[in-house]
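Data first, discussion second: the structure below is written as structure tokens.
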Amino acid sequence: MPISLGELATQFGCELIGDPDVVVSSVASLPNAGPESLSFLANDIYKKQLPSTKAAAVILRASDADESPVASILHEDPYACYARMATVVCPPPSYAPGVHASALIAPSAKVADSAHLAANVVIGERSRVGENVYLGPGTVIGPDCTIGDDCRFIANVTLARSVEIGERGMFHPGVVIGADGFGNAMTPDGWVKVPQLGGVRIGNDVEIGANTTVDCGALDNTVIEDGVRIDNLCMIAHNVHIGAHTALAAMVGIAGSTRIGKRCLFAGKSGAVGHITVCDDVIVAARTFLSKDVTTPGTYAASFPADEARSWSKQLARFRRLGTLIERVKKLEKGGSRSSD
Amino acid sequence: MPISLGELATQFGCELIGDPDVVVSSVASLPNAGPESLSFLANDIYKKQLPSTKAAAVILRASDADESPVASILHEDPYACYARMATVVCPPPSYAPGVHASALIAPSAKVADSAHLAANVVIGERSRVGENVYLGPGTVIGPDCTIGDDCRFIANVTLARSVEIGERGMFHPGVVIGADGFGNAMTPDGWVKVPQLGGVRIGNDVEIGANTTVDCGALDNTVIEDGVRIDNLCMIAHNVHIGAHTALAAMVGIAGSTRIGKRCLFAGKSGAVGHITVCDDVIVAARTFLSKDVTTPGTYAASFPADEARSWSKQLARFRRLGTLIERVKKLEKGGSRSSD
Amino acid sequence: MPISLGELATQFGCELIGDPDVVVSSVASLPNAGPESLSFLANDIYKKQLPSTKAAAVILRASDADESPVASILHEDPYACYARMATVVCPPPSYAPGVHASALIAPSAKVADSAHLAANVVIGERSRVGENVYLGPGTVIGPDCTIGDDCRFIANVTLARSVEIGERGMFHPGVVIGADGFGNAMTPDGWVKVPQLGGVRIGNDVEIGANTTVDCGALDNTVIEDGVRIDNLCMIAHNVHIGAHTALAAMVGIAGSTRIGKRCLFAGKSGAVGHITVCDDVIVAARTFLSKDVTTPGTYAASFPADEARSWSKQLARFRRLGTLIERVKKLEKGGSRSSD
Chain Z
35 MPISLGELAT QFGCELIGDP DVVVSSVASL PNAGPESLSF LANDIYKKQL PSTKAAAVIL
95 RASDADESPV ASILHEDPYA CYARMATVVC PPPSYAPGVH ASALIAPSAK VADSAHLAAN
155 VVIGERSRVG ENVYLGPGTV IGPDCTIGDD CRFIANVTLA RSVEIGERGM FHPGVVIGAD
215 GFGNAMTPDG WVKVPQLGGV RIGNDVEIGA NTTVDCGALD NTVIEDGVRI DNLCMIAHNV
275 HIGAHTALAA MVGIAGSTRI GKRCLFAGKS GAVGHITVCD DVIVAARTFL SKDVTTPGTY
335 AASFPADEAR SWSKQLARFR RLGTLIERVK KLEKGGSRSS D
Chain E
35 MPISLGELAT QFGCELIGDP DVVVSSVASL PNAGPESLSF LANDIYKKQL PSTKAAAVIL
95 RASDADESPV ASILHEDPYA CYARMATVVC PPPSYAPGVH ASALIAPSAK VADSAHLAAN
155 VVIGERSRVG ENVYLGPGTV IGPDCTIGDD CRFIANVTLA RSVEIGERGM FHPGVVIGAD
215 GFGNAMTPDG WVKVPQLGGV RIGNDVEIGA NTTVDCGALD NTVIEDGVRI DNLCMIAHNV
275 HIGAHTALAA MVGIAGSTRI GKRCLFAGKS GAVGHITVCD DVIVAARTFL SKDVTTPGTY
335 AASFPADEAR SWSKQLARFR RLGTLIERVK KLEKGGSRSS D
Chain P
35 MPISLGELAT QFGCELIGDP DVVVSSVASL PNAGPESLSF LANDIYKKQL PSTKAAAVIL
95 RASDADESPV ASILHEDPYA CYARMATVVC PPPSYAPGVH ASALIAPSAK VADSAHLAAN
155 VVIGERSRVG ENVYLGPGTV IGPDCTIGDD CRFIANVTLA RSVEIGERGM FHPGVVIGAD
215 GFGNAMTPDG WVKVPQLGGV RIGNDVEIGA NTTVDCGALD NTVIEDGVRI DNLCMIAHNV
275 HIGAHTALAA MVGIAGSTRI GKRCLFAGKS GAVGHITVCD DVIVAARTFL SKDVTTPGTY
335 AASFPADEAR SWSKQLARFR RLGTLIERVK KLEKGGSRSS D
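Chains as they are written, first to last, in this note's numbering: chain Z, 35 to 375; chain E, 35 to 375; chain P, 35 to 375.
Below you can see the structure in the form of structure tokens.
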């Protein structure tokens with residue numbers, strides 16, 4: 035949506051250095067920006083791209099404004115400011131209210147008049163869809179679900195059953211919420227399935243990435259609090275509780291009944307075993323897993339970055355001889371060095 | 035389904051201590067149970083919740099019965115007993131036979147009259163669907179598939195082609211079975227796809243979790259035997275063979291042509307490389323992978339739990355100096371300690 | 035498709051030892067082959083299966099021909115030769131042009147007359163579908179997508195929006211391409227979503243496995259070059275660039291903005307952190323992740339194969355005492371061995 039720099043600066047309370055009447059209609063990175071583009075400089079490693087940018091204006095810190103060859107919008111957090119302004123310049127698509135002829139709504143379900151149901155959407159018994167909700171093609175909402183106002187389901191999302199979602203959530207294709215947790219009791223005749231009877235409760239402003247799964251609880255609910263962000267291909271097991279504003283990068287797995295605090299960050303492929311409690315403000319490095327309760331905020335890690343394969347192979351051999359090495363040191367301590375023999 | 039404690043005890047051959055005419059109509063954890071709920075005590079860590087429970091009855095070991103403030107159902111394996119009784123008290127939903135108007139059945143396919151096909155189900159040529167099968171919304175059954183009696187496909191499951199499934203299977207949303215295995219031959223012109231012509235054969239009583247994939251075999255079948263349980267987001271590659279009653283937790287990957295024995299347990303994010311054989315009764319710890327044949331039942335592990343990041347960083351540096359340390363010890367053994375100089 | 039050995043040998047320029055008029059109509063492994071089957075011997079470990087094969091003919095190296103009890107088709111790379119011949123003997127299914135009555139095409143979309151759109155396919159605004167494309171049941175093509183000639187989408191594939199695909203691509207069920215990347219700016223009020231406005235550009239001859247996700251770029255495109263092969267359950271984050279003919283095995287994760295070279299091989303569960311550059315011809319071992327730029331072709335590794343759990347537990351204890359061990363060696367070097375005391 036074309037908007038003038040003056041309007042943008044006013045709307046977000048930023049100082050503008052430059053012509054307030056210049057209009058921007060797109061956003062772009064510094065090197066690719068044209069005279070109609072809004073750009074930003076948030077990370078010093080891109081500072082060298084600033085002098086040659088052809089953007090209409092650049093969002094940056096006041097301390098960088100001197101080097102801007104174009105209009106500057108000053109903000110102490112240029113990335114967050116860009117995120118907000120970009121949403122104004124390039125708003126997400128809007129959808130007229132309506133239900134596609136191929137969509138199927140169970141008799142006992144209730145769908146707000148302002149909702150948009152695309153092709154082949156299916157809504158189960160007793161489920162409710164709030165105002166301005168967008169349900170993309172192929173989305174299946176099982177029975178007993180509640181979807182709050184302004185949620186968006188891009189396409190082919192599945193809520194199995196008994197999922198309650200707050201407002202303004204965003205759910206990407208392939209997401210599965212509310213499928214049975216992995217509960218099995220071993221018997222002499224093999225596994226007996228433990229019925230999974232809980233639901234899933236998701237707060238406001240939650241975004242869940244493509245092909246991520248969030249299982250229903252065994253008896254009580256699986257809970258995802260407000261503002262949580264989950265990337266693609268993550269696994270949230272039954273009865274997990276994730277605190278507000280925590281973010282999980284791709285391929286993170288949180289095992290059953292574990293409780294994660296608020297504002298935690300899990301990097302790619304990290305995770306936590308089941309039945310532990312993790313306090314607020316914990317950062318977990320890539321490919322690291324938490325194996326016990328974490329009671330102190332901070333950063334946790336335990337991964338080995340790649341090495342040249344032959345070096346690694348030698349290193350692995352050294353690692354395996356660690357017991358022998360310890361014995362050799364013990365012997366030396368007892369005076370057993372060869373020179374003492 | 036409401037049922038009296040007496041009937042439950044009789045049906046499962048348990049001793050009941052308490053009024054057999056009390057009726058239960060739900061199941062709940064000890065602290066959340068009300069006077070209409072059946073509960074259970076299987077794990078000692080929840081024993082402290084027993085004295086204050088308000089359940090109608092608690093399934094527990096005889097040795098715990100003294101501390102129960104309510105009726106007791108005695109069983110030496112309370113969790114398995116609970117699993118079975120919960121299925122009676124809270125049975126899975128049942129579906130009337132019928133084919134939704136939007137479901138599409140290929141002319142040469144055969145669907146049992148007692149099956150329920152929900153909205154937008156698609157059945158391919160020559161496929162057969164057994165008695166009492168439930169196929170949820172959006173499920174796609176490709177050509178040449180056979181689905182045994184009493185199977186349930188929750189929603190949006192895909193069988194690509196040539197998948198044969200036994201009875202009483204349960205398949206969660208997003209599951210993909212029978213897609214091509216990853217077979218490519220390198221040539222000077224790039225990769226040439228190796229046609230994947232085998233199928234998938236799945237036994238009775240198999241459950242597969244949301245967004246898990248099971249590839250078809252290259253020439254012969256990929257095989258999953260009776261009673262196997264697979265959690266979400268697992269990957270079973272082409273020509274893998276998984277023995278009866280083995281269980282794989284979430285995000286496990288089994289690479290091509292590997293053969294896993296019976297009653298194995300793979301914890302979350304564990305796995306096995308391709309072309310190996312793993313004997314019966316093997317347990318693999320979380321995030322551990324088997325790299326060669328396993329011929330001895332037992333537990334296998336190789337993962338590093340998270341450490342405080344600065345400690346880990348120091349530890350990583352120490353690990354990298356292991357070669358130097360070994361040299362230093364060697365020198366000491368040769369009498370090269372500084373004090374000897 | 036039945037074809038004579040003579041025709042096959044001629045078509046692929048191979049030498050045939052045996053009767054050119056024998057017809058093959060299937061392919062099979064050496065032990066399972068019958069008199070109508072074409073088989074192959076590419077790996078020495080299967081050489082012992084050669085003398086007893088009942089195949090019509092075996093593709094093998096000239097040096098192995100003496101031991102073949104049946105007709106031999108000679109090729110220096112039997113596996114690649116088999117891949118090509120198998121495609122002739124067992125061609126992929128072909129589909130008559132046409133649009134199923136339940137498929138939905140947006141008014142501004144263009145679909146080639148020779149394309150086949152199966153049940154419940156949805157094509158969004160301004161999208162274009164090329165000649166001979168097959169879109170399987172439940173496939174959703176969002177707005178502004180372009181699908182090149184001869185592509186195949188097996189079933190339930192989702193292109194979110196703005197995805198451009200070259201010719202002859204193959205996309206398995208559950209694949210999601212073009213969903214939003216994971217871009218969030220932290221603010222005192224929680225996460226602010228950073229609009230993801232780029233698209234995805236995929237070259238010719240690309241194959242992507244079941245339930246893999248490829249995110250759209252934040253501003254510029256995510257790019258996958260010609261001939262890339264990606265297995266199941268992989269994650270390609272926003273603005274990643276994957277060079278031609280690179281192959282990623284199952285469960286590989288490539289984090290945002292990382293650039294992977296040509297002809298790289300990533301084994302199962304391996305990956306790369308974000309914002310790094312990996313040169314051509316790099317091989318990454320299973321479960322290994324690249325943490326920084328790689329400028330030298332070669333093989334990289336950093337994983338610990340499974341050990342018997344009690345051994346591993348001791349080994350982990352030794353590893354944790356590495357700091358102490360180093361101190362002890364330091365003390366010995368200073369003459370601090372007990373025998374010196």
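We put the CB at the ideal spot given by N, CA and C, even for glycine.
Exercise for the section: Pair every Cβ in the region 73-92 of chain Z with every Cβ in the region 49-65 of chain Z, then say whether three or more of these pairs are closer than 8 Å. Expected result: The region 73-92 of chain Z vs the region 49-65 of chain Z: in contact.
- Item | Separation of V57 of chain Z from I276 of chain Z, as counted between CA atoms | Taking the first residue of the first sequence as 1, we reach residue 276 of chain Z at position 242. Taking the first residue of the first sequence as 1, we reach residue 57 of chain Z at position 23. About 42 Å.
For a minimum of 3 consecutive residues, which ranges assigned as the beta strand (DSSP E) are wholly contained in the region 185-269 of chain Z? Counting only runs that start and end inside the region 185-269 of chain Z, the beta strand (DSSP E) elements of at least 3 residues fall at 197-199, 210-213, 218-221, 224-227, 234-236, 247-249, 256-258.
Point to revise | Runs of alpha helix (DSSP H) wholly within the region 299-374 of chain P (minimum 4 residues, chain order) | key: Counting whole runs of 4 or more residues, the region 299-374 of chain P contains the alpha helix (DSSP H) stretches 343-354, 356-367.
Could you check whether A194 of chain Z and L169 of chain Z sit closer than 8 Å to each other, using their CB atoms as the reference points? By one-based count along the first sequence, residue 169 of chain Z stands at place 135. By one-based count along the first sequence, residue 194 of chain Z stands at place 160. Against a cut-off of 8 Å, the Cβ pair of A194 of chain Z and L169 of chain Z comes out as no contact.
| request: Could you tell me the distance, in whole angstroms, from the CA atom of L356 of chain P to the CA atom of Q349 of chain E? | output: Counted from its first residue, the third sequence places residue 356 of chain P at position 322. Counted from its first residue, the second sequence places residue 349 of chain E at position 315. Distance between the alpha carbons of L356 of chain P and Q349 of chain E is about 8 Å.
Q.
Between which two residues does the beta strand (DSSP E) holding L50 of chain Z run?
A. Stepping through the first sequence from its first residue, residue 50 of chain Z is reached at position 16. Counting along the chain, the beta strand (DSSP E) containing L50 of chain Z begins and ends at 49-51.
Inset, instruction - Run down chain E in chain order and give the residues with a C-beta less than 7 Å from the C-beta of N190 of chain Z. - result: For the purposes of this step, residue 190 of chain Z is identified with residue 156 of the first sequence, where counting begins at 1. Residues of chain E passing the Cβ test: N190.
Between which two residues does the alpha helix (DSSP H) containing L72 of chain E stretch? On the second sequence, position 38 is the one that residue 72 of chain E refers to. Boundaries for L72 of chain E: no alpha helix (DSSP H) harbours it, while the beta strand (DSSP E) harbouring it runs 71-74, taken from the DSSP string.
By the three-class DSSP mapping on this structure, what secondary structure does S38 of chain E have?
For this step, residue 38 of chain E is matched to residue 4 along the second sequence. Note: S38 of chain E maps to strand in three-state DSSP.
- Give the straight-line distance between the Cα atoms of W346 of chain E and I199 of chain P, rounded to the nearest whole angstrom. Within the second sequence, numbered from 1, the residue matching residue 346 of chain E stands at position 312. Within the third sequence, numbered from 1, the residue matching residue 199 of chain P stands at position 165. Take the alpha-carbon of W346 of chain E and the one of I199 of chain P: they are about 43 Å apart.
Contact list for the region 275-295 of chain P against chain E, Cβ threshold 8 Å | So the list reads A278, H279, A281, A283, A284, M285, given in the order they occur along the chain.
Report task. Indicate whether G237 of chain P and I264 of chain P have their beta-carbon atoms separated by less than 8 Å. Result -> For the purposes of this step, residue 237 of chain P is identified with residue 203 of the third sequence, where counting begins at 1. For the purposes of this step, residue 264 of chain P is identified with residue 230 of the third sequence, where counting begins at 1. No, the Cβ-Cβ distance between G237 of chain P and I264 of chain P is not below 8 Å.
Next on the checklist: Taking a contact to mean a Cβ-Cβ separation below 8 Å, would you say C124 of chain P touches P339 of chain E in this structure?
Outcome noted: The residue you call residue 124 of chain P lines up with position 90 of the third sequence. The residue you call residue 339 of chain E lines up with position 305 of the second sequence. Their beta carbons are not under 8 Å apart, which means C124 of chain P does not touch P339 of chain E by this criterion.
inquiry  = Starting from A117 of chain P, trace the alpha helix (DSSP H) in both directions and tell me its first and last residue.
reply    = Sequence index remark: in the third sequence, residue 117 of chain P carries index 83 (1-based). From DSSP, the alpha helix (DSSP H) with A117 of chain P extends over 112-123.
Q. How would you list, in chain order, the residues of chain E whose beta-carbon sits under 9 Å from the beta-carbon of T44 of chain P?
A. Within the third sequence, numbered from 1, the residue matching residue 44 of chain P stands at position 10. What T44 of chain P touches in chain E: nothing, since even the nearest Cβ is about 19 Å away.
Check: By a C-beta neighbour count over all protein chains shown, 10 Å radius and 16 as the cutoff for buried, is P69 of chain P buried or exposed?
Finding: Here residue 69 of chain P refers to the residue found at position 35 of the third sequence. In this structure P69 of chain P is exposed. Its beta-carbon is surrounded by fewer than 16 other beta-carbon atoms within 10 angstroms.
Problem - Close beta carbons around Q45 of chain E, own chain, < 6 Å, minus the five adjacent residues each side - result: Counting from 1 along the second sequence, the entry for residue 45 of chain E is found at position 11. Annotation for Q45 of chain E: no residue places its beta carbon closer than 6 Å to its own, counting only its chain and skipping 5 residues before and after.
Legend entry - Short Cβ contact (8 Å threshold) for V226 of chain Z with A306 of chain E: Taking the first residue of the first sequence as 1, we reach residue 226 of chain Z at position 192. Taking the first residue of the second sequence as 1, we reach residue 306 of chain E at position 272. In this structure, the beta-carbon distance from V226 of chain Z to A306 of chain E does not fall below 8 Å.
S97 of chain E in three-state terms, based on DSSP: Locating residue 97 of chain E in the second sequence gives position 63, counting from the first residue. Three-state result, S97 of chain E: helix.
Tell me which same chain residues have a C-beta within less than 6 Å of the C-beta of V133 of chain E, skipping the five on either side of it? Against the second sequence, residue 133 of chain E aligns to sequence position 99. Result list for V133 of chain E: L151, in chain order.
Exercise. What's the C-alpha gap between P112 of chain E and G52 of chain E?
Worked result: Locating residue 112 of chain E in the second sequence gives position 78, where the first residue counts as 1. Locating residue 52 of chain E in the second sequence gives position 18, where the first residue counts as 1. Spanning the alpha carbons of P112 of chain E and G52 of chain E requires a straight line of approximately 17 Å.
- [ ] Can you grab the Cα-Cα spacing for the pair N273 of chain Z / D249 of chain Z, in whole Å?
- [x] Sequence index remark: in the first sequence, residue 273 of chain Z carries index 239 (1-based). Sequence index remark: in the first sequence, residue 249 of chain Z carries index 215 (1-based). Those two C-alpha atoms are separated by around 8 Å.
- request: Give every residue of the same chain whose Cβ lies closer than 7 Å to the Cβ of S102 of chain E, excluding the five residues on either side of it in the sequence, and list them in chain order.
  value: For the purposes of this step, residue 102 of chain E is taken as the residue at position 68 of the second sequence. Excluding residues within five positions, the ones whose Cβ falls inside 7 Å are L84, V92, L94.
Assuming contact is defined by CB atoms lying nearer than 8 Å, are V166 of chain E and N245 of chain Z in contact in what I supplied?
Within the second sequence, residue 166 of chain E is the residue found at index 132, counting from 1. Within the first sequence, residue 245 of chain Z is the residue found at index 211, counting from 1. Position check: residue 166 of chain E holds Asn in this sequence, whereas Val was assumed. It is not a contact, given that the beta carbons lie outside the stated cut-off.
- Task: Whole angstroms is fine: what's the gap from N190 of chain P's alpha carbon to G208 of chain E's?
- Result: Against the third sequence, residue 190 of chain P aligns to sequence position 156. Against the second sequence, residue 208 of chain E aligns to sequence position 174. Rounded to whole angstroms, N190 of chain P to G208 of chain E spans 9 Å at the Cα level.
**Asked** What is the residue span of the beta strand (DSSP E) that A378 of chain P lies within?
**Response** Coverage of chain P is limited to positions 35 through 375, which leaves residue 378 of chain P absent and any answer about it impossible.
Residues of chain E with CB closer than 7 Å to the CB of M269 of chain Z, please, in chain order. As a position in the first sequence, residue 269 of chain Z is number 235, starting the count at 1. Going along chain E in sequence order, the residues near M269 of chain Z (Cβ under 7 Å) are N266, L267, A284, M285.
- What are the residues that DSSP puts in a beta bridge with I181 of chain Z? Your numbering for residue 181 of chain Z matches position 147 in the first sequence. According to DSSP, which records beta bridges pairwise, I181 of chain Z is partnered with Z:V163, Z:I199.
For G334 of chain Z, return the contacting residues in chain E, with the cut-off set at a CB-CB distance below 7 Å. One-based indexing of the first sequence puts residue 334 of chain Z at position 300. Rather than Gly, the amino acid found at residue 334 of chain Z in this sequence is Tyr. The contacting residues are A340, D341, E342, A343.
Subject >> Within 7 Å of chain P by C-beta, residues of the region 247-260 of chain Z in sequence order >> reply: When CB distances to chain P are screened at a threshold of 7 Å, not a single residue of the region 247-260 of chain Z falls below it.
**Report entry** Through-space distance from V163 of chain E to T173 of chain E, alpha-carbon basis
**Finding:** As a working note, residue 173 of chain E is residue 139 in the second sequence. As a working note, residue 163 of chain E is residue 129 in the second sequence. Rounded to the nearest angstrom, the two C-alpha atoms are 13 Å apart.
Starting from the beta carbon of C124 of chain Z, find every residue of chain P whose beta carbon is closer than 9 Å, and list them in chain order. Position 90 of the first sequence, counted from the start, is the residue given in the question as residue 124 of chain Z. Within chain P, the residues placing a beta-carbon under 9 Å from that of C124 of chain Z are P229, L231, ordered along the chain.
Task: Local conformation of A149 of chain E per DSSP, three classes - done: Looking up residue 149 of chain E in the second sequence gives position 115. A149 of chain E: coil per DSSP, three-state reduction.
Against G224 of chain Z, what residues of chain E qualify as contacts under a CB-to-CB distance less than 8 Å, listed in chain order? Taking the first sequence and counting its residues from 1, one reaches residue 224 of chain Z at position 190. Residues of chain E passing the Cβ test: D239, D260, G261, A278, H279.
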